[in-house]
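What follows is one structure encoded as structure tokens, with my remarks underneath.
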Amino acid sequence: MEILETVEKYGTQAKCVAYLEQKRWGDTPICPYCESEKTTNRKDVLRHKCQGCNHSFSVLVGTIMEATKLPLPKWFAAMCLILNAKKGISSLQLSRDIGVNKNTGWYLQKRIRQAMDDNDSILKGIVETDESYIGGSLSNKHLDNKTQYHKSGMEHKIPVLGMLQRKGKIVVKILNKAWGKEIQPIMKQVIAKESELVTDGFGGYNDLGEHYREHVILNHSKQIRRIGEYHTNTIEGFWSLLKRAIIGQYHKITPEHLQDYINEIAFKYNHRHHENTFDILIDRCLRVNVPLTRK
Ligand SMILES: [Zn+2]
């Protein structure tokens, strides 16, 4: 969605709340505390009062936007800007574009990236799995600048594991160390047992044939890159996309935020054929993961 369209459609708090309510509840608001459908709409404060448990609630309860002091039109504009920036937007740029201070911009970006997390997907069918390394090569012009060097924190290569369902989604996880002990439990969680796994000959994938319906191992060192429909070209394509995106952002990403950044790139990749990623992102922002208890 274009930024102008977002501003026009969701330019006021009331418009944003109406849209979120429709998405979350349809026509009947449900109390997030006791699940009662008997509620009274308090339009003046954009909240509802539950007749069952007497609590007052807004559509934001339990979502990443709960307790935000920032007007929702700014959240919506931020989501739009983040989605439209192919390689990502710096949090400083984001703050300038929506008129908030840099801490708020940073916080917004962090929360929105967390909502972009596609990592609870279960993959099946043919699943290409590959490990890669991010960062590690600093360009020479920064070598004389030690502060920058340490600040970036990415002077060491960070191992990542990517799992990609053919014609489906990719899930990418940062690793502490690229070895079977860490890789295999993650794979078993993400990739369904009935899948056909395709990997290279890396030892970290050893013995996975016992767990999966099929494990096709391509011996890249012997130049075997494809056996029939089994290859890892799709995930290798994703790695080059990710690395190209990261080059421009290199000094702005620290290892602790790398997973969030990767989530953003993976989310855009996973939903690249959808017409309205904004709608999907809004759904994600409304996802309530935490059990609700009244403080
Ligand atoms: Zn209630």
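Each residue of the sequence shown is one higher than the last, beginning at 1 in our numbering.
In this text, a Cβ means the ideal position worked out from N, Cα and C, and glycines have one as well.
- A direct Cα-Cα distance of roughly 23 Å separates Gly52 from Lys23.
- The beta carbons of Leu94 and Gln109 sit closer together than 7 Å.
- Going by DSSP, His257 is part of the alpha helix (DSSP H) stretching over Pro255 to Asn270.
- Comparing C-alpha distances from Ile170 to each of Ile217, Phe57, Leu241 and Ala85 shows the shortest one belongs to Leu241.
- The closest heavy atom of ligand 1 lies 6 Å or more from the beta carbon of Gly135.
- The way I'd put it, the segment 74-81 does touch the segment 93-107; three or more beta-carbon pairs between them come closer than 8 Å.
- Arg225 carries a coil assignment under DSSP once its states are collapsed to helix, strand and coil.
- Residue pairing from DSSP places Leu164 in a beta bridge opposite Glu128 and Ile170.
- DSSP places Leu218 inside the beta strand (DSSP E), whose first and last residues are Glu214 to Leu218.
- In this structure, Glu5 is the residue among Ile186, Leu164, Glu5 and Lys243 with its C-alpha nearest to the C-alpha of Pro73.
- Across the set Leu218, Lys9, Val198 and Ile265, the C-alpha of Val198 shows the shortest separation from the C-alpha of Glu128.
- With a cutoff of 6 Å, His257 does not count as near ligand 1, since its C-beta is closer than that to no heavy atom of the ligand.
- Put simply, of Ile191, Tyr133 and Tyr205 the residue whose alpha carbon is nearest the alpha carbon of Ile174 is Tyr133.
- Contact annotation: the segment 252-262 does not touch the segment 1-18, with fewer than three C-beta pairs closer than 8 Å.
- In the three-state reduction of the DSSP assignment, Ile134 falls in the strand class, which pools E and B.
- In the DSSP annotation of this structure, the continuous segment of the beta strand (DSSP E) that includes Glu196 starts and ends at Glu196 to Asp200.
- The beta carbon of Leu281 sits closer than 6 Å to those of Met79, all from its chain and outside the five residues before and after it, given in chain order.
- Inclusion of Asn41 and His48 in the CB contact set at 7 Å is warranted, their separation being smaller than that value.
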